[in-house]
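Going down the list, the sequences are from chains A and B. Going by this note's numbering, the first sequence opens with residue -1, and the numbers climb by one from there. Going by this note's numbering, the second sequence opens with residue 3, and the numbers climb by one from there. I have placed the structure first, in the form of structure tokens, so that the comments after it can refer back to it.
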Amino acid sequence: GAVVSQHPSWVICKSGTSVKIECRSLDFQATTMFWYRQFPKQSLMLMATSNEGSKATYEQGVEKDKFLINHASLTLSTLTVTSAHPEDSSFYICSALRLAGGNEQFFGPGTRLTVL
Amino acid sequence: GNSVTQMEGPVTLSEEAFLTINCTYTATGYPSLFWYVQYPGEGLQLLLKATKADDKGSNKGFEATYRKETTSFHLEKGSVQVSDSAVYFCALSANTGGFKTIFGAGTRLFVKA
């Protein structure tokens, strides 16, 4: 099956710093990627849809200036959490949409962010 | 809008017991339906899927049938193992929603030896 990687797998940072998380589709091109956030023992909440070469589409209630998304190539999307605070601590998961063979999403392993 | 409702957990079973996790959905059009599994500390893994009515998805002894008439996609396994302990998410994806995947709340399964 298709592989999606995330880097880093975990990160600890100080409050006020910015953190960048990368999502890569390793063996297919993805014009569309998705970013999710998961709180402990809860479901995944879609944050935004990342479109290659254009602006991301954010879900209602998600601060676009806080969570910057860049999809500069067909295999890479990045999520930058700007001026992170402890309430941003969470598990961030990306997925990449593969159109060939039936419009299937493949999920990355997730990045655990802890803001001190 | 599209939504997924699944039974609340946690579900606690003894090894070799029968498992059912209920899932119902609301969607416009003809969504694809999925079950994902998340083991502790890990990301999501696709367990099985069905893309049209009456399709049955199956994998690792788990099964689910796409029932359009009842808008359901219940997950079943005839004999669970301790290694099946995880959180199970029912989900749907529809091209009318830009292929966004909408997840249910998740059901935590504990299997005791």
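From the three backbone atoms N, C-alpha and C, an ideal C-beta is built for every residue, glycine too.
Asked                                                                                                                                                                                            : Found
Would you mind reading off the limits of the beta strand (DSSP E) that contains residue 43 (chain A)?                                                                                            : 42 to 49
Using three-state DSSP, classify residue 34 (chain B) as helix, strand or coil.                                                                                                                  : strand
Please check if any C-beta of chain B sits within less than 8 Å of the C-beta of residue 93 (chain A).                                                                                           : yes
Which residue from B:86, B:104 and B:110 puts its Cα closest to that of residue 44 (chain A)?                                                                                                    : B:104
In its own chain, which residues sit with a C-beta less than 8 Å from the C-beta of residue 1 (chain A), not counting the 5 before and 5 after it?                                               : 23, 24, 25 and 104
Just checking, does the segment 19 to 31 of chain B make contact with the segment 29 to 42 of chain A on the three C-beta pairs under 8 Å criterion?                                             : no
Based on Cα-Cα distance, which residue from B:48, B:77 and B:16 lies nearest to residue 115 (chain B)?                                                                                           : B:16
For residue 89 (chain B) and residue 59 (chain B), which I take to be in contact (beta-carbon distance under 8 Å), what is that distance rounded to the nearest angstrom?                        : Contact flag wrong, Cβ pair sits at about 18 Å.
Answer yes if the segment 25 to 36 of chain A comes into contact with the segment 66 to 76 of chain A, meaning at least three C-beta pairs across the two stretches below 8 Å, and no otherwise. : yes
Counting pairs of Cβ atoms below 8 Å between the segment 52 to 64 of chain A and the segment 96 to 114 of chain A, do you hit three or more?                                                     : no
Taking the alpha-carbon of residue 83 (chain A) as reference, which of A:65, A:46 and A:59 has the nearest alpha-carbon?                                                                         : A:65
In this structure, does DSSP put residue 82 (chain B) in helix, strand or coil?                                                                                                                  : coil
So, is the C-beta of residue 3 (chain B) closer than 8 Å to a C-beta in chain A?                                                                                                                 : no
Counting only the same chain and skipping the five closest in sequence on each side, list residues whose C-beta sits under 6 Å from that of residue 78 (chain B).                                : 22 and 65
Do you know offhand how far residue 68 (chain A)'s Cα is from residue 80 (chain B)'s?                                                                                                            : 45 Å
I'd like to know whether the C-beta of residue 41 (chain A) is nearer than 8 Å to at least one C-beta of chain B.                                                                                : yes
So which of A:90, A:86 and A:100 has the shortest CA-CA distance to residue 34 (chain A)?                                                                                                        : A:90
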